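*Asks:* Encoded as structure tokens, here's the structure I'll be asking about.
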Amino acid sequence: DANSIYDIPTVVHEEGLDSYIIKHLNLEAGDVDWSHWESVLKAVHEPLAEVTVALVGKYVDLPDAYLSVTEALRAGGFAEQVKVNIKWVASDLCETEEGAREHLSGVDAICVPGGFGIRGLEGKLGALKFSRENGIPTLGLCLGLQCMVIEYARNVVGLEGASSTEFEPDTKYPVIATMAEQVEILASGDMGHTMRLGLFDAALTPGSVVAEAYGKTLVKERHRHRYEVNNSFRDQLSAAGLNFSGLSPNGDLVEFVELPKDVHPYYVSTQAHPEFLSRPTKAHPLFHGLIKAALAGRLFGDKAE
379 DANSIYDIPT VVHEEGLDSY IIKHLNLEAG DVDWSHWESV LKAVHEPLAE
429 VTVALVGKYV DLPDAYLSVT EALRAGGFAE QVKVNIKWVA SDLCETEEGA
479 REHLSGVDAI CVPGGFGIRG LEGKLGALKF SRENGIPTLG LCLGLQCMVI
529 EYARNVVGLE GASSTEFEPD TKYPVIATMA EQVEILASGD MGHTMRLGLF
579 DAALTPGSVV AEAYGKTLVK ERHRHRYEVN NSFRDQLSAA GLNFSGLSPN
629 GDLVEFVELP KDVHPYYVST QAHPEFLSRP TKAHPLFHGL IKAALAGRLF
679 GDKAE
């Protein structure tokens with residue numbers, strides 16, 4: 379009967395269940411510092427403001443498919459004592475400019491999460507085009523980064539039909555492609571052992587949006603993907619204003635993409651899954667950054683209508 383799932387730890391503590399379990403199992407435990415959790419509860423029950431984040435995906439009919447992402451967004455709000463409302467937007471609805479405007483106008487921020495397969499791709503591209511052109515704070519995750527690159531290649535660089543070899547193996551402009559070391563393996567028809575899976579380092583560009591968000595220039599993030607930004611197009615995209623602000627330590631793989639602050643308030647994506655490192659008491663820097671930008675836009679800016 380708790381008002382919020384975040385109330386449950388304190389309810390358990392107040393009823394003595396935690397002490398009972400520790401005693402019953404003969405465990406050693408010191409006193410608990412509840413100050414961080416109390417800050418979470420204050421944000422839950424006494425928010426200073428509210429923001430609405432559109433989550434643009436293809437599994438929105440099953441919200442639990444994005445549970446880690448929505449909880450990371452909410453944790454970003456806790457860090458600012460802000461309530462985050464999620465607006466579920468099926469990516470297919472944003473394929474046209476009119477559709478994107480209808481479903482995304484008025485939101486404070488947009489998140490494009492990961493996924494596999496071509497269904498919903500064009501809608502994600504439409505959502506990103508709308509957010510880029512209208513200055514709506516945006517965070518892309520995994521496939522979200524790849525979509526950010528594809529959209530920019532098509533609509534800013536002018537590479538008509540640019541795509542990923544995952545979806546269009548014969549595309550004229552494969553701005554997203556299989557990682558170089560996996561090409562021969564995949565050509566043999568073996569899909570095993572071709573995924574970049576696990577925790578990897580990334581080196582961030584000093585002074586970049588992501589470096590400022592993290593507060594450092596070397597970070598670790600969890601990955602699960604097979605495709606990457608095609609290095610053959612990096613110079614062309616960079617020359618057109620898209621910043622590859624985080625790379626693998628050897629410089630071979632793109633880990634973070636962004637637009638500079640003087641171009642867009644927060645247009646950031648990562649090839650990783652930062653939602654897995656978020657905690658209610660410790661918001662992930664990228665999600666925290668998104669919510670701060672959303673809050674700033676609500677307080678001081680004009681949202682697209």
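Here the sequence shown stands for residues 379 to 683, numbered as in the numbering used here. Using N, Cα and C, we set each Cβ at its ideal position, and we do this for glycine too. Source: prediction; values computed, not measured.
#1: Going by DSSP, name the residue or residues bridged to residue 397.
#2: Taking 8 Å as the threshold (C-beta atoms), are residue 496 and residue 527 in contact?
#3: Identify, in the order they occur along the chain, each residue of the same chain with its Cβ nearer than 7 Å to the Cβ of residue 550, setting aside the five sequence neighbours on each side.
#4: Which class does residue 550 belong to by DSSP, given the choice of helix, strand or coil?
#5: Comparing alpha-carbon positions, which option in 516, 665, 661 and 667 lies nearest residue 415?
#6: Can you name the start and end residues of the beta strand (DSSP E) that residue 435 belongs to?
#7: Let's see if you can read the secondary structure: which residues bound the alpha helix (DSSP H) around residue 528?
#8: Just confirm the distance between the C-beta atoms of residue 605 and residue 648, as a whole number of angstroms; I'd bet it's less than 8 Å.
#9: Kindly indicate which three-state DSSP category residue 464 falls into: helix, strand or coil?
#10: From the DSSP output, in three-state form, read off residue 384 for me.
#11: Could you tell me which residues DSSP pairs with residue 496 in its beta bridges?
#12: Let me know the secondary structure DSSP gives residue 644 once reduced to three states.
#13: Counting beta carbon pairs with one atom in the segment 635–650 and one in the segment 613–622, are three or more of them shorter than 8 Å?
#14: Roughly how many angstroms separate the alpha carbons of residue 524 and residue 448, rounded to a whole number?
#15: Using CA atoms only, rank isn't needed, just tell me which of 597, 450 and 477 is closest to residue 657.
#16: If you reduce the DSSP assignment to three classes, tell me which class residue 599 lands in.
#17: Where does residue 585 land, buried or exposed, given buried means 16+ other C-beta within 10 angstroms?
#18: Assuming residue 671 and residue 515 form a contact by the criterion Cβ under 8 Å, report the distance between their Cβ atoms to the nearest whole angstrom.
#19: According to DSSP, residue 338 sits in a beta bridge with which residue or residues?
#20: With residue 576 as the anchor, note down where its beta strand (DSSP E) starts and where it stops.
#21: Quick one: using the 10 Å Cβ neighbour count with 16 as the cut-off for buried, is residue 409 buried or exposed?
#22: Can you look up residue 403 in the DSSP assignment and give me helix, strand or coil?
#23: Using only the alpha-carbon positions, how far apart do residue 466 and residue 413 sit?
#24: Contact defined as beta carbons within less than 8 Å: I believe residue 468 pairs with residue 436. What is the distance between those atoms, to the nearest angstrom?
#25: Does DSSP classify residue 517 as helix, strand or coil?
#26: Give the DSSP-derived three-state secondary structure of residue 604 in the structure shown.
#27: Could you check whether residue 664 and residue 591 sit closer than 8 Å to each other, using their CB atoms as the reference points?
#28: Measuring CB to CB, does residue 580 end up less than 8 Å from residue 542?
#29: Does the segment 429–446 come within contact of the segment 387–395, defined as at least 3 CB pairs closer than 8 Å?
#30: When DSSP labels each residue in this structure, what does residue 453 get in the three-state scheme?
#31: Shortest alpha-carbon distance to residue 546 belongs to which of 500, 505, 389 and 519?
*Replies:* The relevant details are as follows:
#1: In DSSP, residue 397 forms no bridge with anything.
#2: No, Cβ-Cβ distance for residue 527 and residue 496 is not below 8 Å.
#3: If we look at residue 550 and ignore the five residues flanking it on each side, its Cβ neighbours are 539.
#4: Taken through DSSP and simplified to helix, strand or coil, residue 550 comes out as coil.
#5: For residue 415, the nearest C-alpha among the options comes from 661.
#6: For residue 435, the enclosing beta strand (DSSP E) has its first and last residue at 427–435.
#7: That run of the alpha helix (DSSP H) goes 521–530.
#8: The Cβ separation is near 14 Å, so there is no contact.
#9: Strand.
#10: Three-state result, residue 384: helix.
#11: Residue pairing for residue 496: DSSP places it in no beta bridge.
#12: Reduced to three states, the DSSP call for residue 644 is coil.
#13: Inter-segment contact for the segment 613–622 and the segment 635–650 is present: three or more beta-carbon pairs are separated by less than 8 Å.
#14: Rounded to the nearest angstrom, the two C-alpha atoms are 20 Å apart.
#15: 450 is the residue among 597, 450 and 477 whose C-alpha sits nearest the C-alpha of residue 657.
#16: Strand at residue 599.
#17: Result: exposed.
#18: Contact holds; Cβ gap of about 4 Å.
#19: Nothing can be reported for residue 338: it is not among the residues displayed for the chain, which extend from 379 to 683.
#20: 574–582 is the extent of the beta strand (DSSP E) around residue 576.
#21: Taking a 10 Å sphere around the C-beta of residue 409, we find fewer than 16 other C-beta atoms and assign the residue as exposed.
#22: Reduced to three states, the DSSP call for residue 403 is coil.
#23: Rounded to the nearest whole angstrom, the CA to CA distance from residue 466 to residue 413 is 33 Å.
#24: Correct: roughly 7 Å between the Cβ atoms.
#25: Three-state DSSP puts residue 517 in a strand.
#26: Three-state result, residue 604: coil.
#27: Going by C-beta atoms, residue 591 is nearer than 8 Å to residue 664.
#28: No, the pair does not count as a contact, with Cβ atoms beyond the cut-off.
#29: The segment 429–446 vs the segment 387–395: no contact.
#30: Residue state, collapsed to three classes: helix.
#31: Closest in alpha carbon position to residue 546, among 500, 505, 389 and 519, is 500.
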